[in-house]
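2 protein chains.
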Amino acid sequence: MNGLPERVNICECWARDGLQGEDQFIPTEKKTAIINRMVDIGFKRIEATSFAHPKLIRQFSDSLEVLKGIKRPPDVTYIAIIPNDKGLDRLLEICQKGYGVQEITAILSASEDHLLANLERTFDEAMPPLADLVKRARQAGIKVIGCIGTAFGCPLAGEVPLEKIVELTDWYMDQGATSIMLGDTTGEANPRQVREVFGHMRDRFPRVDFVAHFHDTRGMGLANTLAALQEGIVLHDSSFGGMGGQPATRRPKYHKGFAGNTCTEDMVLMMEEMGIQTGLNIEEVIDTGLMAEEFCGRHLLGHVTRSGPVRHRSFRALSLQELRIHGEIAPALLFAGKMKEELSGQSLVGYVIREALAKNWPVPEDLNIVTDGIAMKGEFERRDILVTKFKVLAIEKSKGEALLEVLSQKANGDVFLEGQIKLVFPK
Amino acid sequence: MNGLPERVNICECWARDGLQGEDQFIPTEKKTAIINRMVDIGFKRIEATSFAHPKLIRQFSDSLEVLKGIKRPPDVTYIAIIPNDKGLDRLLEICQKGYGVQEITAILSASEDHLLANLERTFDEAMPPLADLVKRARQAGIKVIGCIGTAFGCPLAGEVPLEKIVELTDWYMDQGATSIMLGDTTGEANPRQVREVFGHMRDRFPRVDFVAHFHDTRGMGLANTLAALQEGIVLHDSSFGGMGGQPATRRPKYHKGFAGNTCTEDMVLMMEEMGIQTGLNIEEVIDTGLMAEEFCGRHLLGHVTRSGPVRHRSFRALSLQELRIHGEIAPALLFAGKMKEELSGQSLVGYVIREALAKNWPVPEDLNIVTDGIAMKGEFERRDILVTKFKVLAIEKSKGEALLEVLSQKANGDVFLEGQIKLVFPK
Numbered sequence: 001m002n003g004l005p006e007r008v009n010i011c012e013c014w015a016r017d018g019l020q021g022e023d024q025f026i027p028t029e030k031k032t033a034i035i036n037r038m039v040d041i042g043f044k045r046i047e048a049t050s051f052a053h054p055k056l057i058r059q060f061s062d063s064l065e066v067l068k069g070i071k072r073p074p075d076v077t078y079i080a081i082i083p084n085d086k087g088l089d090r091l092l093e094i095c096q097k098g099y100g101v102q103e104i105t106a107i108l109s110a111s112e113d114h115l116l117a118n119l120e121r122t123f124d125e126a127m128p129p130l131a132d133l134v135k136r137a138r139q140a141g142i143k144v145i146g147c148i149g150t151a152f153g154c155p156l157a158g159e160v161p162l163e164k165i166v167e168l169t170d171w172y173m174d175q176g177a178t179s180i181m182l183g184d185t186t187g188e189a190n191p192r193q194v195r196e197v198f199g200h201m202r203d204r205f206p207r208v209d210f211v212a213h214f215h216d217t218r219g220m221g222l223a224n225t226l227a228a229l230q231e232g233i234v235l236h237d238s239s240f241g242g243m244g245g246q247p248a249t250r251r252p253k254y255h256k257g258f259a260g261n262t263c264t265e266d267m268v269l270m271m272e273e274m275g276i277q278t279g280l281n282i283e284e285v286i287d288t289g290l291m292a293e294e295f296c297g298r299h300l301l302g303h304v305t306r307s308g309p310v311r312h313r314s315f316r317a318l319s320l321q322e323l324r325i326h327g328e329i330a331p332a333l334l335f336a337g338k339m340k341e342e343l344s345g346q347s348l349v350g351y352v353i354r355e356a357l358a359k360n361w362p363v364p365e366d367l368n369i370v371t372d373g374i375a376m377k378g379e380f381e382r383r384d385i386l387v388t389k390f391k392v393l394a395i396e397k398s399k400g401e402a403l404l405e406v407l408s409q410k411a412n413g414d415v416f417l418e419g420q421i422k423l424v425f426p427k
Numbered sequence: 001m002n003g004l005p006e007r008v009n010i011c012e013c014w015a016r017d018g019l020q021g022e023d024q025f026i027p028t029e030k031k032t033a034i035i036n037r038m039v040d041i042g043f044k045r046i047e048a049t050s051f052a053h054p055k056l057i058r059q060f061s062d063s064l065e066v067l068k069g070i071k072r073p074p075d076v077t078y079i080a081i082i083p084n085d086k087g088l089d090r091l092l093e094i095c096q097k098g099y100g101v102q103e104i105t106a107i108l109s110a111s112e113d114h115l116l117a118n119l120e121r122t123f124d125e126a127m128p129p130l131a132d133l134v135k136r137a138r139q140a141g142i143k144v145i146g147c148i149g150t151a152f153g154c155p156l157a158g159e160v161p162l163e164k165i166v167e168l169t170d171w172y173m174d175q176g177a178t179s180i181m182l183g184d185t186t187g188e189a190n191p192r193q194v195r196e197v198f199g200h201m202r203d204r205f206p207r208v209d210f211v212a213h214f215h216d217t218r219g220m221g222l223a224n225t226l227a228a229l230q231e232g233i234v235l236h237d238s239s240f241g242g243m244g245g246q247p248a249t250r251r252p253k254y255h256k257g258f259a260g261n262t263c264t265e266d267m268v269l270m271m272e273e274m275g276i277q278t279g280l281n282i283e284e285v286i287d288t289g290l291m292a293e294e295f296c297g298r299h300l301l302g303h304v305t306r307s308g309p310v311r312h313r314s315f316r317a318l319s320l321q322e323l324r325i326h327g328e329i330a331p332a333l334l335f336a337g338k339m340k341e342e343l344s345g346q347s348l349v350g351y352v353i354r355e356a357l358a359k360n361w362p363v364p365e366d367l368n369i370v371t372d373g374i375a376m377k378g379e380f381e382r383r384d385i386l387v388t389k390f391k392v393l394a395i396e397k398s399k400g401e402a403l404l405e406v407l408s409q410k411a412n413g414d415v416f417l418e419g420q421i422k423l424v425f426p427k
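Chains as they are written, first to last, in my numbering: chain A, 1 to 427; chain B, 1 to 427.
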């Protein structure tokens, strides 16, 4: 696999592309809380907001407040999407107050039909003011990502010629853009095409930084990301929980479906598993994804959020947070394939938890396990399949305690152990 | 992209691996209906059932009836999983009655811990009877897929050494196996590893046919499939709706989560979009996936099932079936980016449907559109973003009619057209 980069730089797009199609208004303090958390766990590129007209997209009516509420470490690049001159005016005003962004995204589509649907402009109408917008931003010291939407095909116009992407890249760079985003706006790309397009563009523009921006509309988000990685692309866009909408439709309802961005949690895991450095810790990424789920009030589309990281390469301690996440703990986490000796109810549960978890997650040394009403039913032998299901009944955060229901079965389905256990976590 | 095969052979595993973790018993006639539909639409390899003990997995208590109820075209290979001698006895008995399978899957794990959990045997205990099983099957003229589970890592035992996979492949081939399946049983694989493992195995065993069997537990099913394709693998396993469970846990509950096989619908689309021939038509694959959803009584995990195939490369006519599938039709399917002239309510709706659909799906020439209570609200111009939402209110199959609710909006959100339309489909 030639070309795989050693490290990548993921731009987390949840606060903009992710929320764009979200019906409910996410309160400003929740937006800033997640962005600040992104900063804390190591994201260096964060799409913070949009300067679309607040009447068009109410979600971004608080763009100024969001930018005021977020941390400002020197090594983090904030990005805002700027659809037009008025948006830039608003941004530059904010910049003077010290709440600006380091980069903006300027928008074009590879397909004129999509451009009309999205910005209500033809190429001839869109490009002169956009050239002006890029120049003004650059004069204000702001970098510009030249976004080329529908770069891999357009549901309205069909195939997009590669020459059009070349032409628009040339044009953007002439205006002073500092990087080029190829957007698979509606999820039309496939991995062969991604390699061909990025391969061609890298050869044609060896000095240009390209951003890969895929939507997971047809489940190919990660496969397309892999293809982009194989062409050496280091700048990748993603969104927590795979959230995101297709901008040219005003009522996307896409969170119900599968049209969002490639999922951050899953992307980070894939890259880290491949030995590609993201600068992120998958456990912290999952926790932040769960925050996004909490704020949105529903399960989102991340796989890793449900399944957890690859067990045998994960080294975190069991925590109250962990129990909260899983609710009903997956048997795979907790069963032991063989038992070496017969144990009493209490010690058996302790044994199962310690034995099973020790293989993957070191349990805190001083975790205290208290059993309550555990009943042994029948015998078990060394070879039994021990399917122990733990359901979290209650968590008392102040005491550091969790109450779990336990149910253990033999291979034939016989329940041989049931009751409740209490885990007392070290303070 | 060297190594991409021109065509592949997908083994559809829904009726076995897919249903293995399903709590509800799917009636025999539904199992056979889907398998027969798979045959009709071009699947050449179908995993039909399991000979696990009916008491252990009730879902397969009807394995004989399933095998009796399915079509027998000469070019279709049916596969059954055979966990032990008794299973083989039952199969051979059925074979004599003419209801056999052409291939069986014999099971081993690369990790002894998993083998113990799954089959309650050590390597030393499992291999001699398995050697016997392979020989007996071969003597009866049945081909044998040597499955190596947890080939990419085991949640119990951790990393799996490549030498172990080589050793087990050597052993299987010595016993007379006809192909080797590398199973990512619990979704631990990543694309880099997949390329390394399959690359190594292809070099080491150039004459052996390898089967790629991935689970989508962590969202990497398609990315891993891509990696296997890049190593030239032509035999791929998948399951409708991404269904499937992890066999070593008796209560998988995996359909709630994301631990199933790589999704058939999404896999077929990716391959076809890449120009790799599957011998299947994505529309028919989606329809069959929807059948599976109907039988299971819930939405499954396919993306393409919701989003449909890539629009501008799809050429099917709008149909009643299509309307039924979508319920609320995605705006992307139906909006027109620009309007050329002002139209009255009825002709506008007709225009929108014809114009928008004509770009992707040719509407039947004689489709009749009857509007009812359509009210124009305000004006619209050439440049308006026309977000027209169609909700299917009723379908009268006998009359070939569908009643749709229509709602059209301008870019600013103003509703300018709402009411009901009737589509009368040609008989």
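Here a beta-carbon is modelled for each residue, glycine too, at the ideal position from N, C-alpha and C.
C-alpha distance - residue i paired with residue j, whole-angstrom precision
{"i": "B/A15", "j": "B/Q59", "result": "10 Å"}
{"i": "A/I26", "j": "B/G149", "result": "44 Å"}
{"i": "B/T28", "j": "B/L56", "result": "18 Å"}
{"i": "B/R121", "j": "B/A80", "result": "21 Å"}
{"i": "A/D203", "j": "A/R195", "result": "12 Å"}
{"i": "B/P331", "j": "B/Q102", "result": "Caution is warranted here: a pLDDT of 39 is assigned to B/P331, below 50, making its placement in the model unreliable, and the coordinate value is therefore given only provisionally. Whole-angstrom Cα-Cα distance: 46 Å."}
{"i": "A/G21", "j": "A/L367", "result": "43 Å"}
{"i": "A/L404", "j": "B/G158", "result": "27 Å"}
{"i": "B/R316", "j": "B/G289", "result": "Confidence in B/R316 is poor, its pLDDT being 45 and thus under 50, which makes the residue's placement too unreliable to answer from."}
{"i": "B/M181", "j": "A/L92", "result": "59 Å"}
{"i": "A/Q175", "j": "A/E294", "result": "42 Å"}
{"i": "B/F425", "j": "B/G146", "result": "50 Å"}
{"i": "B/S179", "j": "B/S63", "result": "23 Å"}
{"i": "A/F205", "j": "B/K422", "result": "52 Å"}
{"i": "B/L108", "j": "B/P83", "result": "9 Å"}
{"i": "B/L116", "j": "B/F123", "result": "9 Å"}
{"i": "A/E418", "j": "A/E272", "result": "38 Å"}
Counterpart residues of residue i in DSSP-defined beta bridges
{"i": "A/L108", "result": "A/I148"}
{"i": "A/T49", "result": "A/A80"}
{"i": "B/D237", "result": "B/C11"}
{"i": "A/A394", "result": "A/L403"}
{"i": "A/M270", "result": "In the DSSP output, where bridge partners are listed per residue, A/M270 has none listed."}
{"i": "A/D170", "result": "BP columns for A/D170 are empty, so no partner."}
Pair within 8 Å by beta-carbon distance, residue i and residue j
{"i": "A/G511", "j": "A/G302", "result": "Chain A is shown from 1 up to 427; residue 511 of chain A falls before or after that span and cannot be answered."}
{"i": "A/R51", "j": "A/R90", "result": "Looking at the sequence itself, residue 51 of chain A is Phe, so the reference to Arg does not match. Yes, these two residues count as a Cβ contact at 8 Å."}
{"i": "B/G275", "j": "A/R192", "result": "yes"}
{"i": "A/I165", "j": "A/M201", "result": "yes"}
{"i": "B/V197", "j": "B/L235", "result": "no"}
{"i": "A/V160", "j": "A/A106", "result": "no"}
Within chain A, the residues that residue i reaches when beta carbons sit closer than 8 Å
{"i": "B/A223", "result": "L222, A223, T225, L226, M270"}
{"i": "B/D216", "result": "H303"}
{"i": "B/D89", "result": "Ordered by position in chain A, no residue passes the 8 Å Cβ test against B/D89, which lies about 20 Å from the chain."}
Cut-off 8 Å between Cβ atoms - residues of its own chain near residue i, not counting five sequence neighbours on either side
{"i": "B/K68", "result": "Y99"}
{"i": "A/S239", "result": "E12, C13, W14, D17, G18, G260, N261, T262, C263, T264"}
{"i": "B/L133", "result": "I82, N84, D85, L88, A106"}
Chain E contact for residue i (CB, 8 Å cutoff)
{"i": "A/V370", "result": "Within the model displayed, chain E is absent; protein chains A and B are what it includes."}
Closer than 7 Å at the beta carbon, the chain B residues around residue i
{"i": "A/M274", "result": "N190, P191, R192"}
{"i": "A/C263", "result": "G219"}
{"i": "A/A259", "result": "S307"}
{"i": "A/D184", "result": "In chain order: nothing, as chain B lies at least about 11 Å away."}
Proximity test, residue i beta-carbon vs the ligand NAP heavy atom, cut-off 7 Å
{"i": "A/K30", "result": "Of the ligands one can find in the structure shown there are none, so the ligand NAP has no counterpart to examine."}
6 Å CB neighbourhood of residue i in its chain, flanking five on each side removed
{"i": "B/V268", "result": "T278, L280, I282, V285"}
Closer than 9 Å at the beta carbon, the chain B residues around residue i
{"i": "A/G187", "result": "H303, S307, V310"}
Residues near residue i by beta carbon distance below 7 Å, same chain, minus five either side
{"i": "B/T77", "result": "K44, R45, Q102, E103"}
{"i": "B/A223", "result": "P191"}
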